[in-house]
Amino acid sequence: MKKQKLGVNKQKLLIICGPTATGKTDLAIKLAKKFNGEIVSADSRQVYKGMDIGTGKDLSVNSRFQVLQRSHLGKNQGATLTKKFQIGYYLVNDIPIWGLDIVNPDYQFNVGEYSKIAQKIIIDIWQREKLPIIVGGTGLYIKSLLEPMEYTVIPPNKKLRKILVHDDVTILRKKLEKLDKKRLEDMNNSDRNNPRRLIRAIEIAEYLKTHKNYHFNNIYHCSGNKNSLLLVGLTAGKKILFKRIEQRIKKRLKQGIIREIKKLVKMGYGWNLPAMSGLGYKEFKPYFEKKQKLAEVIKKWQTDEQNYAKKQLVWFLKMPAVWFDITVPDFYTVVEKRICNFLQKA
RNA sequence: GCCGGGAUGGCAGAGGUGGUCAACGCGCGUGUCUGAAAAACACGUUAUCCAGGUUCGACUCCUGGUCCCGGCA
């Protein structure tokens, strides 16, 4: 028996974004309790199994991964979404958090896959008449839920990539020009010098050559109704932000980040994997190779996190978010009121 | 104490017959963004140890000082 779908207008989506260490998840859990919500992570690093402390999953010791039996993401149908992915949730404080532990660290995960999975989860939450709350620091992942990204569905072509990595940007540009001149012209200077972007553009052009009737189909998009979407941005002054980062690093060391990395390395996950390029992991490479002292690693980690927070702000400030300063005393009340208001609108 | 080498931007570190000069890297700052995004890429950013002298002109040559490094004692 299918539950009756809610009307389009009732399909609200709440998004909480902002730089690292602003307490996004804590706020989301509070809000989920208040508004009958479930959390969907939008984080490019938390999708990896076994990478918990460094990516800040903040799972309690006894939280276990589970799938929802009756949902279309459940055991049977969830498996058909694709065999590669594990889709389920952790219960934290009785609130489900989705989008964690989707793949192993040696898998190269990406936006397109995230977008597809997250959209399915969101629809599932709606079907259970609850409020999906997207929480995360990965701007591109959030963007992929806000607007249809036409070409993200085109899969990577590993063979082609293997050949193209040896070309320098001038050659790549020539190759792209031959395939799709307009695409090259549309690129800005930064992208035109970015081998990764050029290779991707060539990849797309090659794909379209052999798939003439390619048609993009987004599962849903929120851009239709203004009242169906609220973006909440969290921020704080740089000084406070950096202080919070420092404290969190200390916490992660205490939680056993070194042990976690040791385990990952022992399992055979190499330093060159994209998953291991994340903050709080890559800094430890010289330490494990006995080339650097722990104190230096921590210092580097701190500045890397700071820079990351700054970069995140560059991204998020362009988004149509309502911003809240987390240091304001009645911060939570203000946010709650704003969301109440949002949920009441048709 | 003696002999030798050195002192260049926030750091590390090149160069050039005395002629706006001051590389590259790191850092820092500002950005870009359609399947690696905690990634990748673009743009910008600051200096010649101190006091004299020679010279039209010295970071580059000379004298003195200060500091650092190596060797001898």
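FYI, my numbering numbers position 273 of the first sequence as 433, with every residue one higher than the one before it.
Ideal placement from N, C-alpha and C gives every residue a C-beta, glycine not left out.
| query | result |
| --- | --- |
| DSSP-derived helix/strand/coil call for Ser201 | strand |
| Phe476 beta carbon less than 7 Å from that of Gly393 | yes |
| Presumed contact (8 Å Cβ cut-off) between Val207 and Val263, rounded CB distance | 6 Å |
| Three-pair Cβ contact test at 8 Å for the segment 201–215 versus the segment 409–419 | yes |
| Euclidean distance between Cα positions of Thr493 and Leu173 | 20 Å |
| Sequence-distant residues of the same chain with beta carbon closer than 7 Å to Gln171, five excluded per side | Trp286, Ser388 |
| Three-state class that DSSP yields for Phe245 in the structure shown | coil |
| Rounded straight-line distance, which links the Cα of Asn270 to that of Lys276 | 10 Å |
| Sequence-distant residues of the same chain with beta carbon closer than 7 Å to Thr312, five excluded per side | Val271, Gly272, Ser275, Ser304 |
| Leu291 burial status per 10 Å Cβ neighbour count (16 or more: buried) | buried |
| Secondary structure of Gln226, DSSP reduced to three states | strand |
| Sub-7 Å separation of Gly259 and Ser204 beta-carbons | no |
| For Thr240, the three-state DSSP class (helix, strand or coil) | In this predicted model, Thr240 has a pLDDT of only 41, less than 50, meaning its place in the structure is not dependable enough to derive any value. |
| For Phe484, the three-state DSSP class (helix, strand or coil) | strand |
| Cα-Cα separation, Asp340 to Ala278 | 31 Å |
| DSSP-derived helix/strand/coil call for Lys235 | Confidence at Lys235 is low in this model, with a pLDDT of 48, below 50, so its placement is unreliable and the value that follows should be read with caution. The answer is helix: DSSP assigns Lys235 an H, G or I state. |
| Cβ-based burial, Tyr249 [other Cβ within 10 Å; buried from 16] | buried |
| Endpoints, the beta strand (DSSP E) within which Pro256 is located | 255–258 |
| 7 Å Cβ cutoff met for Glu289 and Leu320 | no |
| Residue burial classification, Val295 (beta-carbon count within 10 angstroms, cutoff 16) | buried |
| Buried or exposed (CB count within 10 angstroms, at least 16 for buried), Cys177 | buried |
| Helix, strand or coil at Pro355 [DSSP, three-state] | helix |
| Through-space distance from Lys450 to Met479, alpha-carbon basis | 42 Å |
| Range covered by the beta strand (DSSP E) that runs through Gly272 | Taken as a continuous stretch (DSSP letters only), Gly272 belongs to no beta strand (DSSP E), being part of the alpha helix (DSSP H) at 271–287. |
| Whole alpha helix (DSSP H) elements within the segment 292–362, 4-residue minimum | 299–306, 318–324, 329–339, 341–346, 349–352 |
| Three or more C-beta pairs below 8 Å linking the segment 394–406 and the segment 191–199 | no |
| Option in Asp490, Thr182, Asp218, Lys470 with minimal Cα separation from Pro256 | Asp218 |
| Neighbour-count burial assignment, Lys244, 16 or more Cβ in a 10 Å radius | exposed |
| Best match in Ala365, Gly428, Ala396 for proximity to Leu473 [C-alpha to C-alpha] | Ala396 |
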